[in-house]
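Student: One structure follows; several queries about it will come next.
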Amino acid sequence: ALLESGAIVVLTDIGEVGLASAKASLSLNADAACILTRVMDVTRLDSIRGVAEELAASGRRVDILINNAAIDPKVEGIQSITETSRLENFSLGQWDLQIGVGLTGAFLCSQVFGSAMAQDSKGGVILNISSDLSVFSPDQRLYRKDGRTDEMQPVKPITYSVIKAGLIGLTRYLATYWADCGVRANALSPGGVFNGQDEEFVQRLTSLIPLGRMANHDEYLAAVQFLCSDASAYLNGQNIVMDGGRSVW
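Each residue of the sequence shown is one higher than the one before, counting from 48 in our numbering.
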């Protein structure tokens with residue numbers, strides 16, 4: 048979305064493989080020279096600072112920060128009770144790992160890059176990618192599998208809801224904290240995107256959506272462009288929910 052608007056985009060990931068794949072995909076429809084990649088671990092402050100300092104030294108100012116790092120474990124494919132994402136068996140290790148990437152990572156990136164935006168008084172934009180599950184609880188009935196006992200039924204893990212709701216709180220805090228420095232913060236909470244999911248799951252989910260379908264993969268691009276541009280200059284601290292109306296039914 049930002050490449051279409053003429054931005055130079057810096058992609059970050061914990062490994063080179065993911066970065067190379069993302070850049071190759073984006074380069075199909077954009078100038079590869081406008082796509083920079085940097086290895087960065089969002090759970091480590093020194094890693095984030097290193098990227099920030101390297102970009103600053105090269106004369107590149109970060110005007111827009113999009114916090115979108117996440118570990119999104121799939122609810123399918125559970126073979127034993129020790130693998131379940133159910134609350135009763137959810138491990139502290141998985142809690143720490145997923146919260147660390149999805150929420151602590153957003154805090155640390157905002158701390159480093161947001162501070163830089165505020166310090167030179169030129170302002171900037173922080174966009175946190177949340178989810179429609181930031182405003183309501185997951186309907187675990189969507190994931191049920193016939194023939195399984197209750198303790199083996201897949202569920203959306205607790206960390207997903209906690210992270211996505213936490214990002215809304217972070218958004219509101221940042222929106223007031225640096226407002227006098229021209230730094231705006233908003234959140235985008237998309238609904239589910241159709242990507243060849245199980246037909247039964249799709250039918251269950253779409254029955255909860257007034258528009259009667261899941262989102263297409265490109266339907267959030269305009270919202271990202273809007274939230275990151277001067278077109279939304281007076282929008283601050285808001286959570287834009289794009290879920291086909293599910294949250295209001």
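Note that CB positions come from ideal geometry on N, CA and C, so glycine has one too.
Who are the near neighbours of Gly323 in its chain, counting only those whose CB is closer than 7 Å to its CB and skipping five residues on each side?
Tutor: This structure cannot speak to residue 323, because the chain is shown only from 48 to 296.
Student: Out of Ala116, Asp193, Tyr190, which one is the CA nearest neighbour of Thr90?
Tutor: Position 43 of the sequence shown, counted from the first residue, corresponds to residue 90. Cα-wise, what sits closest to Thr90 is Ala116.
Student: From the DSSP output, read off the bridge partner residues of Met87.
Tutor: Locating residue 87 in the sequence shown gives position 40, where the first residue counts as 1. For Met87, which the question treats as bridged, DSSP gives no partner whatsoever.
Student: Under 8 Å, with one C-beta from each stretch per pair, do the stretch 102-119 and the stretch 156-168 reach the 3-pair mark?
Tutor: Touching, yes, given that three or more Cβ pairs across the two stretches are closer than 8 Å.
Student: Looking at C-alpha atoms only, which residue of Asp93, Leu75, Ser168, Leu144 is the closest neighbour of Cys228?
Tutor: In the sequence shown, the residue the question calls residue 228 occupies position 181. The candidate whose alpha carbon is nearest that of Cys228 is Ser168.
Student: In the DSSP assignment, the alpha helix (DSSP H) including Thr59 goes from what residue to what residue?
Tutor: Taking the first residue of the sequence shown as position 1, residue 59 is located at position 12. No alpha helix (DSSP H) contains Thr59, which is instead part of the beta strand (DSSP E) from 56-60.
Student: Would Ile61 and Val98 be called neighbours here (beta carbons separated by less than 8 Å)?
Tutor: Looking up residue 61 in the sequence shown gives position 14. Looking up residue 98 in the sequence shown gives position 51. Not closer than 8 Å, so no.
Student: Report the residue from Ala226, Val182, Arg191 whose alpha carbon sits nearest the alpha carbon of Val288.
Tutor: As a first step, residue 288 is located in the sequence shown; it is residue number 241 there, counting from the start. Residue Val182 is the option with its Cα nearest to Val288.
Student: Which term fits Arg231, buried or exposed, when burial requires 16 or more other beta carbons within 10 angstroms of its beta carbon?
Tutor: For the purposes of this step, residue 231 is taken as the residue at position 184 of the sequence shown. Buried, by the Cβ-count rule.
Student: In whole angstroms, what separates the C-alpha of Glu100 from that of Leu150?
Tutor: The residue labelled residue 100 in the question sits at position 53 within the sequence shown. The residue labelled residue 150 in the question sits at position 103 within the sequence shown. Taking the straight line from one Cα to the other gives about 22 Å.
Student: Does the Cβ-Cβ distance between Leu255 and Asp186 come in under 8 Å?
Tutor: Start at 1 with the first residue of the sequence shown, and residue 255 comes out as number 208. Start at 1 with the first residue of the sequence shown, and residue 186 comes out as number 139. Yes; because the gap between Cβ atoms is below 8 Å, this pair is in contact.
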